[in-house]
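Chains as they are written, first to last, in numbering that gives the first Met the number 0: chain A, 0 to 241; chain B, 0 to 241.
There are 2 protein chains.
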Amino acid sequence: MPNPTAAILIIGDEILSGRTREGNAHFLASKLVEHGIDCREIRVIPDDHAGIIEAVRALSKRFDHVFTSGGIGPTHDDITADAVAEAMGVGLDVRDDARALLAKHYAARDTEFTAARLRMARIPDGATLIDNPVSVAPGFSCDNVHVMAGVPNIFQAMVTGLLPRLTGGAPVISRNWQVMEAESTVADELRAIAGQFGDLSFGSYPFVQEGRYGTNLVVRGQEPAQVEAGLGALKSAFPEGQ
Amino acid sequence: MPNPTAAILIIGDEILSGRTREGNAHFLASKLVEHGIDCREIRVIPDDHAGIIEAVRALSKRFDHVFTSGGIGPTHDDITADAVAEAMGVGLDVRDDARALLAKHYAARDTEFTAARLRMARIPDGATLIDNPVSVAPGFSCDNVHVMAGVPNIFQAMVTGLLPRLTGGAPVISRNWQVMEAESTVADELRAIAGQFGDLSFGSYPFVQEGRYGTNLVVRGQEPAQVEAGLGALKSAFPEGQ
C-alpha cells in the first residue's frame, strides 16, 4: 500500500518578506519521512483570509494530510482558525475544553484572561485538540487539516504529540555516497544505475568544498535490501567515494 | 501603481524529504523586498515532470514573475528545463550560444564535453540566458519564468545578475519594535493601532528569551513617513520596548 501523502502549509508574511527564515517545514519534513508519510508539497502563503481558504481547500482535497504552521495566536493578524473553519465548511466558536485549559493556565499565573486570549479558545466544530505543552493554547485537527502554532518550539512540541495519532506507512530509507567529482562527471553512470533499479530513486546534489567540486549521491527506497543494493552499485561505480 | 508580484518555486525531493534545509527562497525573498517585487508565494515540489508543469503554469499565470531553483544540472533527475518549456508551450533544444559558453569552459579545463554536460546547453526557444559566473552553465528566463540552479552560491550569483533586468516597484520598508511581553498582552493595543493605520501592515512575532516571553512588533509599508508614524504609535503604546 502506498504511504499516506501530505502537504505543509506555512502561513506568514514574515517568511515571504525574507524577515524570518522558515524552519518548521524542514523539521516536520524530516519527522514525516521517519513516520512513513510522504511530504509532496510545501507552500508558504501570506496572512490573507481568502488565500488561506483557497490553499487549504486545494491541498486538503489533494493530499491525505495538511499540516499548517502559524496564525493561531491572540492578535488581529491571527486568522488561520477562521479561514480553516470556512475552508472546511464548519462553524468556529469558543469551545469549553479549550477555554478551561486557558483559564486554568492564566489563573495559575495570576494573569487576566482577556478577550484577546480568549480568541485562542476558538476551535472549529468537530475538531480534535492538539496538545500544547509549552504555552497551553491548543492547535487542532479539523478533518485532515492539522493546525499548529508558528513559534518553533511550540510547533515542534505539537508535531511530537500529533504524529503518533496518524497512521504512517513504510519509512523512506536513504543512503548517501559522497564523491569528490563534479556532478557532470558522474551523470552518465548515475543514469545507468538509476535505470537498473526501477523501485529506487537516485538523486545527486553537487557541492563545492575547499575549491573542489563534489557530489552527494543519494539512493532512496522503502525496502532496506533494495536500498543497500542500490548503494552497492554506487560504491562499485565510484570506489573513491565515502 | 502596485508592485509587481512573484512566486518562488523550489524544485527538489531533497527539501521535501527533510534532507536539506532550503535557503534559496529565504535569500531571494529578501532581495525581492529590496527590489520592490512582492513575493506572494513560495512553493516546494518534487522532481516530477507533470507536477513542475502544473505548478509553472498556475504560478506564471497568477503572478508577474516566477523564480525557480533546482533541476538544471547534467543528471537524469534534472528535468526542470524540459518541464518549463512544455509548460510554456515552446520547444527545447541545445542552443549555440549556451553550447559555446560550455565548450570554452571545458576546453580551458581540458575536460571532455560529454553528452551529460551538453544537456546544460538545452534552452527553451526564445528564452534569455541568465549568466552563471560560478560554473558557466546558464539559467534562463522563459517569458516570466526565471529558471536558476539550486546550488546556493550559483543561485545567488544568478539572482544578482538577473534582478537589475526586472522592473521593480517601491521597496517595502519594515521597522521593528521589540517588547518583553507575551503576544496576548499586547494584542488589544496592537489591534487598535493597526485599525488607525489602514495603509500599513502590522505583525507580531512572539519569542522566548532566557525564559521570558517577548514579541517583535513589525510595521510595514511603502511610504517612509507613514511607517515612521506607525512605529511612533508602537513606541507610545509600549514605551518599555526597544
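Don't be surprised by glycine CBs; every beta carbon is placed ideally from N, CA and C.
Computed from a predicted structure; not experimentally measured.
Hey, quick one: how far does the alpha helix (DSSP H) through residue i stretch, first residue to last?
i	result
A/H194	First, the amino acid is wrong: residue 194 of chain A is Gly here, not His. Taken as a continuous stretch (DSSP letters only), the alpha helix (DSSP H) holding A/G194 covers E182 to Q195.
B/R56	H48 to R61
B/P151	P151 to L161
A/S29	N23 to H34
B/D95	D95 to A107
A/R116	A114 to L117
B/E13	D12 to L15
Taking the alpha-carbon positions, what's the residue i to residue j distance?
i	j	result
B/T79	B/A115	15 Å
A/V133	B/E182	14 Å
B/G35	A/R20	19 Å
A/A106	A/T159	27 Å
B/V185	A/H64	34 Å
A/F62	A/E40	9 Å
B/R94	B/P3	30 Å
B/S68	A/E53	25 Å
A/L91	B/H25	34 Å
A/A82	B/A136	44 Å
B/T113	A/I71	53 Å
A/R108	B/E180	14 Å
A/G167	B/A228	51 Å
A/V217	A/G231	12 Å
A/P66	A/S200	The residue you asked about is not Pro; residue 66 of chain A is Phe in the sequence shown. Roughly 25 Å separates the two Cα atoms.
B/V178	B/S29	24 Å
B/Q208	A/N152	12 Å
B/V144	B/A84	10 Å
B/S59	B/G202	28 Å
A/L189	A/L233	8 Å
Taking all protein chains shown into account, do 16 or more other C-beta atoms lie within 10 angstroms of the C-beta of residue i, making it buried, or fewer, making it exposed?
i	result
B/A99	exposed
B/G210	exposed
B/M0	exposed
B/A224	exposed
B/P73	buried
B/G220	buried
A/R164	exposed
A/T214	buried
B/D96	exposed
B/P123	buried
B/H75	buried
B/S235	exposed
B/E239	exposed
A/D198	exposed
Taking the beta strand (DSSP E) that residue i falls in, what are its first and last residues?
i	result
B/D81	Looking at the DSSP string, B/D81 is not in any beta strand (DSSP E); the run it does join, the alpha helix (DSSP H), is T79 to M87.
B/R219	R211 to G220
B/H145	V144 to M147
A/I122	R121 to P123
A/V133	Looking at the DSSP string, A/V133 is not in any beta strand (DSSP E), and its letter there is neither H nor E.
What does DSSP give as the partner residue(s) for residue i in the beta ladder?
i	result
A/I7	A/I41 and A/F66
A/I172	A/G220
B/Q177	B/N215
B/S235	DSSP, once it has assigned bridges, lists no residue as partnering B/S235.
A/L128	A/F139
B/G277	Outside the shown range of chain B (0 to 241) lies residue 277 of chain B, about which nothing can therefore be said.
B/L230	According to DSSP, which records beta bridges pairwise, B/L230 is partnered with nothing at all.
B/L91	B/P123
Residues within the segment 97-109 of chain B neighbouring chain A, beta-carbon criterion of under 8 Å = Going along the segment 97-109 of chain B in chain order, one finds no residue with a Cβ nearer than 8 Å to chain A.
Can you give me, in chain order, the residues of the segment 158-184 of chain A that have a beta carbon less than 9 Å from any beta carbon in chain B?
-> If the cut-off is 9 Å between Cβ atoms, the segment 158-184 of chain A has V171, S173, N175, A181, E182, S183 and T184 near chain B.
Near-chain B residues of the segment 194-208 of chain A (beta-carbon distance less than 9 Å), N- to C-terminal order = Here the close residues are G194, S200, F201, G202, S203, Y204, P205, F206 and V207.
What are the residues of the segment 2-18 of chain A that lie near chain B, defined by any Cβ-Cβ distance shorter than 9 Å?
-> Cβ proximity to chain B below 9 Å picks out I7, I9, G11, D12, E13, I14, L15, S16, G17 and R18 from the segment 2-18 of chain A.
Which residues, in chain order, does the segment 27-45 of chain A contribute to contact with chain B at a C-beta distance below 9 Å?
-> Listed by position, the residues of the segment 27-45 of chain A near chain B (Cβ gap below 9 Å) are L27, A28, S29, K30, L31, V32, E33, D37, C38, R39, E40, I41, R42, V43, I44 and P45.
Compile a chain-ordered list of the residues in the segment 126-147 of chain A whose CB is closer than 9 Å to at least one CB of chain B.
-> Answer set for the segment 126-147 of chain A: V133, S134 and A136.
Contact residues within the segment 56-83 of chain A, judged by C-beta distance below 9 Å to chain B = Against chain B - using a Cβ distance shorter than 9 Å - the residues of the segment 56-83 of chain A are G72, P73, T74, H75, D76 and D77.
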